[in-house]
Amino acid sequence: MDKIQRILTAALTGLLLIMFNFSNLSGQDLRASLFSEADAAFTNAKKVHADVLAPKSYAEASKHYEKADADFKKGKNLEEIRKQLRAAISYLTKAVKATELANVTLKTSMSARSDAKQAEAPKYAEKLWLEAQKKFDEAGRKLESGDVNAAKNKSGEAESLFRRAELSAIKATYLAPTWQLLEQGKDIDADDHAPKTYAKAQMLVKQAEKMLNESRYDTDEPRSLAHDANYEARHAIYLTNFSKEFKDSDQKVEDLVLASEVPLQKIAGKLDISARFDAGYDLTTQKVVESVELLQEEKDKLTGEANSLKSQVETLTARVTEMEGQLGGIEKEKSQLAQRIKLQAENRKRFATIAELFNISEARVFREGENVIIRLYGLTFPVNKSIIEPRFFSLLTKVQNAINEFSGCMIDINGHTDSHGSDEQNLKLSNERAEAVRQYLLANMNLDLKRIKAVGFGESDPVASNETREGRAKNRRIDVVITPAMQVVN
Numbered sequence: 113m114d115k116i117q118r119i120l121t122a123a124l125t126g127l128l129l130i131m132f133n134f135s136n137l138s139g140q141d142l143r144a145s146l147f148s149e150a151d152a153a154f155t156n157a158k159k160v161h162a163d164v165l166a167p168k169s170y171a172e173a174s175k176h177y178e179k180a181d182a183d184f185k186k187g188k189n190l191e192e193i194r195k196q197l198r199a200a201i202s203y204l205t206k207a208v209k210a211t212e213l214a215n216v217t218l219k220t221s222m223s224a225r226s227d228a229k230q231a232e233a234p235k236y237a238e239k240l241w242l243e244a245q246k247k248f249d250e251a252g253r254k255l256e257s258g259d260v261n262a263a264k265n266k267s268g269e270a271e272s273l274f275r276r277a278e279l280s281a282i283k284a285t286y287l288a289p290t291w292q293l294l295e296q297g298k299d300i301d302a303d304d305h306a307p308k309t310y311a312k313a314q315m316l317v318k319q320a321e322k323m324l325n326e327s328r329y330d331t332d333e334p335r336s337l338a339h340d341a342n343y344e345a346r347h348a349i350y351l352t353n354f355s356k357e358f359k360d361s362d363q364k365v366e367d368l369v370l371a372s373e374v375p376l377q378k379i380a381g382k383l384d385i386s387a388r389f390d391a392g393y394d395l396t397t398q399k400v401v402e403s404v405e406l407l408q409e410e411k412d413k414l415t416g417e418a419n420s421l422k423s424q425v426e427t428l429t430a431r432v433t434e435m436e437g438q439l440g441g442i443e444k445e446k447s448q449l450a451q452r453i454k455l456q457a458e459n460r461k462r463f464a465t466i467a468e469l470f471n472i473s474e475a476r477v478f479r480e481g482e483n484v485i486i487r488l489y490g491l492t493f494p495v496n497k498s499i500i501e502p503r504f505f506s507l508l509t510k511v512q513n514a515i516n517e518f519s520g521c522m523i524d525i526n527g528h529t530d531s532h533g534s535d536e537q538n539l540k541l542s543n544e545r546a547e548a549v550r551q552y553l554l555a556n557m558n559l560d561l562k563r564i565k566a567v568g569f570g571e572s573d574p575v576a577s578n579e580t581r582e583g584r585a586k587n588r589r590i591d592v593v594i595t596p597a598m599q600v601v602n
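Per my numbering, residue 113 is the first one in the sequence shown, and the count goes up by one each step.
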């Protein structure tokens with residue numbers, strides 16, 4: 113009897129579980145059916161930022177939706193729930209419609225808000241951001257109520273606050289850490305122990321702040337200055353601590369000088385250079401720099417040769433495949449292939465001749481496939497100008513000789529800048545400088561206009577870091593790209 117009772121109990125429990133799960137599943141399906149249209153309306157409203165641009169209507173929609181959700185969970189009358197959802201959809205439709213006018217009326221404050229948000233103002237200038245957001249919200253509500261003039265006034269106030277928040281956030285991001293370091297330095301008397309370095313850090317951070325105040329949208333140069341200021345502040349703190357430790361120790365100046373020679377000795381040793389400091393650091397430093405430059409030149413040369421060989425292998429592989437499929441014309445193909453190999457060998461000789469024309473300070477010459485690139489590091493221009501000074505005529509004469517090595521070649525003059533200055537100005541300047549070189553070559557060579565073109569790339573194609581003075585100098589350059597006639601035909 114007990115056994116039968118246990119079986120009946122288990123069966124009843126299972127049946128109840130099945131009924132519960134079915135009921136729960138049906139409830140989920142019912143909710144999805146009831147709320148689907150309202151959910152889609154919310155998705156559409158968020159896509160057009162109705163929650164930001166039409167806060168009044170969006171808030172009303174949210175209120176009705178939440179009421180419908182709460183009533184559904186309590187199992188209340190379905191018709192009342194549908195009524196709440198219809199009201200939510202109606203307010204969302206109104207909100208979406210309001211965004212069309214807001215996109216025009218609140219355009220400038222919307223742009224300011226976007227810029228402030230991108231500068232992480234909610235994190236770094238929270239108080240100003242909240243004030244601005246409040247005014248922006250009021251502008252949206254006034255616009256929804258039909259008071260366009262009041263909306264414009266509130267929008268103007270919001271724009272001003274968003275701009276202040278943006279600038280404050282940018283300063284906090286770039287400058288606040290350095291000001292904190294300078295305070296730390298002040299506390300340990302860095303201005304006494306390392307006065308030059310400390311003063312340099314102060315000068316750089318003030319210069320960065322001044323530039324941000326004058327033009328917050330070109331942050332590349334202020335960021336670079338702030339980066340340098342941060343380094344100098346840390347440098348001043350290090351020098352101060354070192355100075356104090358040195359004074360408290362038994363070391364002499366000789367110990368200090370000998371210790372400072374060790375890093376350069378290690379570098380020189382790796383380059384197989386004998387380091388001698390009987391006349392100071394200059395001679396060894398010069399040897400190290402020259403050795404590194406030669407290694408860089410050799411690296412560029414090997415990279416060019418590797419690219420050329422890769423191109424040749426790909427070409428030969430394609431030719432072999434083609435010839436295997438066209439056995440009838442094999443002799444003709446072999447002849448063409450032999451001619452191509454001969455031209456490639458001649459081009460390699462020409463490349464070697466061109467590489468010998470320039471010294472390290474004038475240009476780097478390398479290859480990309482069959483193209484020859486002359487990177488004119490030695491050609492510089494006055495600040496923000498595209499005038500070629502007479503002292504560079506001899507360098508450009510070498511460029512002419514290089515071009516003459518390749519009869520019928522195509523020439524691209526590519527201008528590049530560093531990241532300092534606006535993107536638009538850098539693009540314009542790089543175009544003007546490339547065009548200046550093009551005009552010089554046309555004036556001094558017998559070139560068909562169709563064979564040579566000039567293009568500016570602005571700051572978009574750096575070859576070194578824009579965070580260092582040396583890197584920026586490398587990025588400000590003219591590249592002369594020579595495409596041999598063989599490549600042009602192909």
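Cβ coordinates follow ideal geometry from the N, Cα and C atoms, glycine included.
- DSSP, read as helix, strand or coil, puts residue 497 in coil.
- If you ignore the 5 residues before and after residue 482, its C-beta comes within less than 8 Å of the C-beta of 420, 423, 456, 459, 595, 596, 598, 599, all in its own chain and listed in chain order.
- Here residue 558 is exposed. Its C-beta has fewer than 16 other C-beta atoms within 10 Å.
- For residue 367, the enclosing alpha helix (DSSP H) starts and ends at 365-382.
- The criterion of a C-beta distance shorter than 8 Å is not satisfied by residue 197 and residue 248.
- Residues 388 of the same chain have their beta carbon placed closer than 8 Å to that of residue 395, with the five preceding and five following residues left out of the count.
- In the three-state DSSP reduction, residue 228 falls in the helix class (H, G or I).
- Per the coordinates, the alpha-carbon of residue 324 lies some 11 Å from the alpha-carbon of residue 278.
- Counting along the chain, the unbroken alpha helix (DSSP H) around residue 176 starts and ends at 167-185.
- The residue among 531, 353, 228 with its C-alpha nearest the C-alpha of residue 274 is 228.
- For residue 242, there is no enclosing beta strand (DSSP E); the enclosing alpha helix (DSSP H) covers residues 238-256.
- In the displayed model, residue 528 falls within a strand according to three-state DSSP.
- In the structure shown, residue 195 adopts helical secondary structure according to DSSP, grouped into three states.
- Per DSSP, residue 318 is one residue of the alpha helix (DSSP H) stretching across 307-326.
- The beta carbons of residue 244 and residue 166 sit no closer together than 8 Å.
- Burial is judged here by how many other beta carbons sit within 10 angstroms of a residue's own beta carbon; residue 315 has fewer than 16 and is exposed.
- Assignment of residue 262 by DSSP, reduced to helix, strand and coil, places it in the helix class.
- Each residue's CA atom was taken as its position, placing residue 377 and residue 319 some 37 Å apart.
- Pairwise C-beta distances place the stretch 279-287 out of contact with the stretch 252-269, as fewer than three of them are shorter than 8 Å.
- Residue pairing by DSSP puts residue 478 in a beta bridge opposite 485.
- For residue 594, the three-state secondary structure derived from DSSP is strand.
- In the three-state reduction of the DSSP assignment, residue 565 falls in the strand class.
- Excluding the 5 residues flanking it on each side, residue 406 has same chain C-beta neighbours closer than 8 Å at 472, in chain order.
- Residue 522 sits in a strand when the DSSP states are folded into three classes.
- Burial state of residue 505 is exposed, judged by a 10 Å Cβ sphere holding fewer than 16 other Cβ atoms.
- Two segments are said to touch when three or more pairs of C-beta atoms, one from each, lie closer than 8 Å; by this definition the stretch 586-594 touches the stretch 524-538.
- If you draw a straight line from the Cα of residue 338 to the Cα of residue 289, it is about 9 Å long.
- Distance from the CA of residue 362 to the CA of residue 577, rounded to the nearest whole angstrom, comes to 42 Å.
- Listed as beta-bridge partners of residue 589 by DSSP are 528.
- Residue 313 places its beta carbon less than 8 Å from that of residue 344.
- Under the three-state reduction of DSSP, residue 362 is assigned to coil, being neither helix nor strand.
- Of 173, 162, 373, the smallest CA-CA separation from residue 222 is found for 162.
- Judged by DSSP in its simplified three-state form, residue 301 adopts coil rather than helix or strand.
- DSSP, reduced to helix, strand and coil, places residue 416 within a helical segment of the structure shown.
- Separation of the CB atoms of residue 546 and residue 526 is rounded to 6 Å, and the pair is thereby assigned contact status at 8 Å.
- By the neighbour-count definition (other C-beta atoms within 10 Å, threshold 16), residue 210 is a buried residue.
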